[in-house]
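**Student:** Here it is, the structure in full.
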Amino acid sequence: MEKKEFTISVFTEDQIGLLNRVSIIFTRRHINIESITASESEVKGVHRYTIVVNDAEDLVIKVVAQLDKQVEIVKSFYHETSEIVYQEIALYKLATSLIAAGGEAEKIVRKHNARFLSFDTEFTVIEKTGHKEETQRLFDELEPYGILEFVRSGRVAITKPMKEFAAYLAEIEIASAN
Amino acid sequence: MKKVEKSNEKESLLIDKEGINVITGKEAVVKSLIAEGVDLIFGYPGGAIMPVYDALYDYQDQIKHILTRHEQGATHAAQGYARVSGKVGVCIATSGPGATNLITGIADAQIDSTPMVCITGQVASHLLGTDAFQETDVVGISMPVTKWNVQVTRAEDIPGAIAKAFYIAKSGRPGPVLVDITKDAQFGEVDFQYKKCTNVRSYVPQPKVKLEAIQAAADLINNAKKPYILFGHGVLLGDAKEEFKTFVEKTGIPSAWTIMGLSALPTDHYLNVGMLGMHGNYGPNLLTNECDVLIAIGMRFDDRVTGDVSRYASQAKVIHLELDHAEIDKIIKADVAVVGNCKTSLQLITEAVKEGTHEEWLQKFRDCDEEENQKVINEELHPSDDKMISMGEVINLVSEASNGQATIVTDVGQHQMVAQRYYNYKRWRSNVTSGGLGTMGFALPAAIGAKFAQSENQVIAVIGDGGFQMTIQELGTIFQTKIDIKILILNNEFLGMVRQWQDLFFDKRYSSTEMVNPDFQTIARGYAIESNKVTERENLAAAVKEFVNHKGSYLLEVLVGKENNVFPMIPTGASVSEIRLD
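If you read the protein sequences in the order shown, they are chains A and B. Counting along the first sequence from 1, when you hit position 118 you're at 799 in our numbering, and nothing is skipped either side. Counting along the second sequence from 1, when you hit position 464 you're at 465 in our numbering, and nothing is skipped either side.
Spelled out as structure tokens, the structure:
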């Protein structure tokens, strides 16, 4: 089966070590995690991991089922890229002299609608949000001028299907009590 | 208000007012176990778990502790106990090496869905992560092989963690859980109010059976010409003895078992057509690729059962009855998936199906049996006089002498396949084996656990000379506890199954499989276990009778053919229909 990009959302209880349990499931099947982001979800006490993988759909289905069956995972979903709205953030550290000179580097930053986050006499930090291709394009254009540091976050994603997680949670709470 | 037992008045820090019941964490561990109905645990003490052992000292009248000779033995004993009783097996060990020694048994319990609660001591919480003496990250290590695990660092969290542990271990698809308790938590204080856990909101142990699925399954079954049932451990775990038998008998469908499903239907039941898998029976494997509807009940299509999956039952519609939704479509795609406890789903399907018989189809299994008899079984059970004793003839005699009523606990290898093929299992839940993990050394300690769970039933451990020596120290546990275990050593002076593969697939290059063994009778004598050794066929029948009828533990060693192979066999990568009879 053809490999594709999938975004997996995992809703979990707030429990030490759960990230380890999640990552083991990917490791066992030799799936490389492209990016992972964790934060509290809209439901208090429920955490949400957004995991991006590049693999065959039938494998992703099995992994999601394995995730789902873990005691403290409330629910897992997987989506194709077309079914989500997603974003990433990247930070770039450049020498301030490069920007202050009003040269090419500044033009590039403006062209990409990136944001100046912090100035210092020596360095400047620029922030760009967007898809990976967009933050990468800025990186590629700035690179010849010298990037002192670069970091990109994992993906965060909101799914397009309208059923709210809280509705799933309510169903599961009823089922778990039976 | 909680009343404190007389015997621990001194120990308990009871403040007898306003319903407050303050006790130490170590005592809370013991009282939590008692609250869960535990009266027997297997374990091995050590530094970080000493407080709990100290508390156990006061409750000896309520909890019996069996001191195994190695922590691995404690896990297998707990498994043996759980498998025959359906209750949660409990084992306990110290931190570091004590905890790591549990891992094999935990992994075994995980893959064979055995309910088990393991309690480990841990270094004091201020030492966590510092490479303290006997510190190991057992929560991290055991994570891939536990259904759930947790570390407790405060006494007040002990009752809740143990309650959750028991609930998770036993509910849904059972499995092992581990509770790691730091030494300071054991010494800390807790207002002890035990509340059993009855649900975890993120966890649905018993998914509701969907009626559409039942109807779809029933429709397929009602229209099937050559339906075929494969049953696994789920029938036993689901406690579906009557429901399963009723379904099989109403539909008249030939039924074959996985080694974990063995004893869910008596071996001699007229619709029990035999064993699946690599060393299973000829018909059950071959005809998998002829049936039109395959009904898999509480089994997970292990690779030892399916052989090459791309050539497995591709002609058949597949109905999969399974509690764990992650098993659906994992290996074999289900046309109809019935997710839920088979105790419920079998009852519903039985109501929805027509009564039936499948004589012609059943005859095909009988014809295959005839061929297997001629090419394999007759010779295995009654070898010609010039041949050495075969494993099959020993098992056959044991089966007759015990009337198929014993609990047979097997280790892993050739003897395991032979015992399961030739013992006539008549009693529900009378087969205990290491199926998924294939853990050599499993049988002896598991037999001890099985015997403690059911003292009324005879327990026979069937073990090879290799596996016996992996946990041979548990003879000490038998000696000390004076329980009655029959130990049958089928000695071929080889690691027989590996040697068989070397014979068939590695040009007979017997790399490190030959064993020079000690005198097992001398060892048995050291533990005051009576024994006998049979090398000649003429002495076998009488020796087996004496073995089975002896009062108290007994070791019978039988020298069997050194280079006998187990057949039939499906070579790795072959299809079930390519099963070889020789």
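In this text, a Cβ means the ideal position worked out from N, Cα and C, and glycines have one as well.
Short of 6 Å in beta carbon distance, which residues of its chain neighbour A:Lys841, apart from the five on each side in sequence? Order them along the chain.
**Tutor:** Glu764
**Student:** Of the choices B:Ser96, B:Lys355, B:Met117, whose alpha-carbon is the least far from that of B:Ile222?
**Tutor:** B:Ile222 has its Cα closest to that of B:Lys355, out of B:Ser96, B:Lys355, B:Met117.
**Student:** Excluding five sequence neighbours on each side, which residues of the same chain lie with their C-beta closer than 6 Å to the C-beta of A:Thr801?
**Tutor:** Before going on, a small fix: residue 801 of chain A reads as Asp here, not Thr. Excluding sequence neighbours, A:Asp801 sits near nothing in its chain.
**Student:** Straight-line CA distance for A:Leu823 to A:Ile742?
**Tutor:** 39 Å
**Student:** Which residues does DSSP list as the beta-bridge partners of B:Pro206?
**Tutor:** B:Pro206 is not bridged to any residue.
**Student:** On the three-state DSSP scale, how would you describe A:Thr805?
**Tutor:** strand
**Student:** With DSSP run on the structure shown, which of helix, strand or coil describes B:Cys198?
**Tutor:** coil
**Student:** Between the C-alpha atoms of B:Val567 and B:Ile24, what's the straight-line distance to the nearest angstrom?
**Tutor:** When rounded, the distance between both Cα atoms is 58 Å.
**Student:** So, at 8 Å on beta carbons, what are the nonlocal neighbours of B:Thr478 in its own chain, with the 5 sequence-adjacent residues on each side left out?
**Tutor:** Ile67, Leu68, Thr69, Arg70, Gly74, Ala78, Pro446, Ile449
**Student:** Taking only beta-carbon positions, decide if B:Gly141 is within less than 8 Å of chain A.
**Tutor:** yes
**Student:** According to the neighbour-count rule (16 or more other Cβ atoms, all chains shown, within 10 Å of its Cβ), is B:Ile329 buried or exposed?
**Tutor:** buried
**Student:** Of all Cβ atoms in chain B, is any one closer than 8 Å to the Cβ of A:Val752?
**Tutor:** The Cβ of A:Val752 sits closer than 8 Å to at least one Cβ of chain B.
**Student:** Quick one: what's A:Tyr773 bridged to in DSSP?
**Tutor:** In the DSSP output, where bridge partners are listed per residue, A:Tyr773 has A:Ile807, A:Phe831.
**Student:** Excluding the 5 residues flanking B:Leu57 on each side, which residues of the same chain have their C-beta closer than 7 Å to its C-beta?
**Tutor:** These residues qualify, in order along the chain: Val31, Ile64, His66.
**Student:** Give the residues of chain A in contact with B:Asn200, contact being defined as C-beta atoms less than 7 Å apart.
**Tutor:** Ser857, Ala858
**Student:** What is the DSSP secondary structure of A:Gly698, counted as helix, strand or coil?
**Tutor:** The answer is coil: DSSP assigns A:Gly698 none of H, G, I, E or B.
**Student:** Between the alpha carbons of B:Glu303 and B:Leu231, how many angstroms are there, rounded?
**Tutor:** The amino acid occupying residue 303 of chain B in the given sequence is Asp; Glu does not appear at that position. Straight-line Cα distance between these residues: approximately 12 Å.
**Student:** Run through DSSP, which three-state label would B:Tyr229 get?
**Tutor:** strand
**Student:** For A:Glu845, is the classification buried or exposed, using 16 other Cβ atoms within 10 angstroms of its Cβ as the cut-off for buried?
**Tutor:** Flag for A:Glu845 reads exposed.
**Student:** Please tell me whether B:Asp309 has its Cβ less than 8 Å away from any Cβ of chain A.
**Tutor:** no
**Student:** Taking only three categories from DSSP, how would you classify B:Thr115?
**Tutor:** Looking at B:Thr115 - three-state DSSP - the assignment turns out to be coil, as it is neither helix nor strand.
**Student:** Among B:Gly38, B:Leu476, B:Ala454, whose alpha-carbon lies nearest the alpha-carbon of B:Lys197?
**Tutor:** B:Gly38
**Student:** In this structure, what does DSSP give as the bridge partners for A:Lys684?
**Tutor:** A:Ala737
**Student:** Since B:Gly173 and B:Pro206 are thought to touch, with beta carbons under 8 Å apart, how far apart are those beta carbons, to the nearest angstrom?
**Tutor:** In this structure, B:Gly173 and B:Pro206 form a Cβ contact; the two beta carbons are roughly 3 Å apart against a cut-off of 8 Å.
**Student:** Assuming contact is defined by CB atoms lying nearer than 8 Å, are B:Asn492 and B:Leu560 in contact in what I supplied?
**Tutor:** Going by C-beta atoms, B:Asn492 is nearer than 8 Å to B:Leu560.
**Student:** At least one CB of chain A closer than 8 Å to the CB of B:Ser96: is that the case?
**Tutor:** Not closer than 8 Å to any Cβ of chain A, the Cβ of B:Ser96 fails to qualify, so no.
**Student:** Of the choices B:Thr482, B:Ile473, B:Val499, whose alpha-carbon is the least far from that of B:Ile488?
**Tutor:** B:Ile473
**Student:** Would you mind telling me which residues of chain A sit closer than 8 Å to B:Asp325, beta carbon to beta carbon, in chain order?
**Tutor:** Lys750
**Student:** If you drop the 5 nearest sequence neighbours on each side, which residues of the same chain put their C-beta closer than 7 Å to that of B:Ala49?
**Tutor:** Excluding five sequence positions before and after B:Ala49, the CB atoms of its chain that fall closer than 7 Å to its own CB belong to Thr95, Ser96, Gly122, Gln123, Val124, Gln135, Lys184, given in chain order.
**Student:** What is the C-beta distance between B:Ile104 and B:Val146, in whole angstroms, given that I count them as a contact (C-beta under 8 Å)?
**Tutor:** 7 Å
**Student:** Between B:Gly467 and B:Thr434, what straight-line distance do the alpha-carbon atoms span, to the nearest angstrom?
**Tutor:** Rounded to whole angstroms, B:Gly467 and B:Thr434 show a C-alpha spacing of 16 Å.
**Student:** To the nearest angstrom, how far is it from the Cα of B:Met2 to the Cα of B:Ala36?
**Tutor:** Because the pLDDT of B:Met2 is 38, which lies under 50, any placement of that residue in the model is unreliable, and the question is left without a value.
**Student:** Which residue comes first and which comes last in the alpha helix (DSSP H) that contains B:Lys246?
**Tutor:** 242-252
**Student:** Applying the 10 Å Cβ sphere with the 16-neighbour rule, what's the burial state of B:Gln481?
**Tutor:** By the 10 Å Cβ count, B:Gln481 comes out exposed.
**Student:** So, does the CB of A:Asn701 fall closer than 8 Å to a CB anywhere in chain D?
**Tutor:** Within the model displayed, chain D is absent; protein chains A and B are what it includes.
**Student:** Between which two residues does the alpha helix (DSSP H) holding A:Leu823 run?
**Tutor:** Here the alpha helix (DSSP H) through A:Leu823 covers 813-823.
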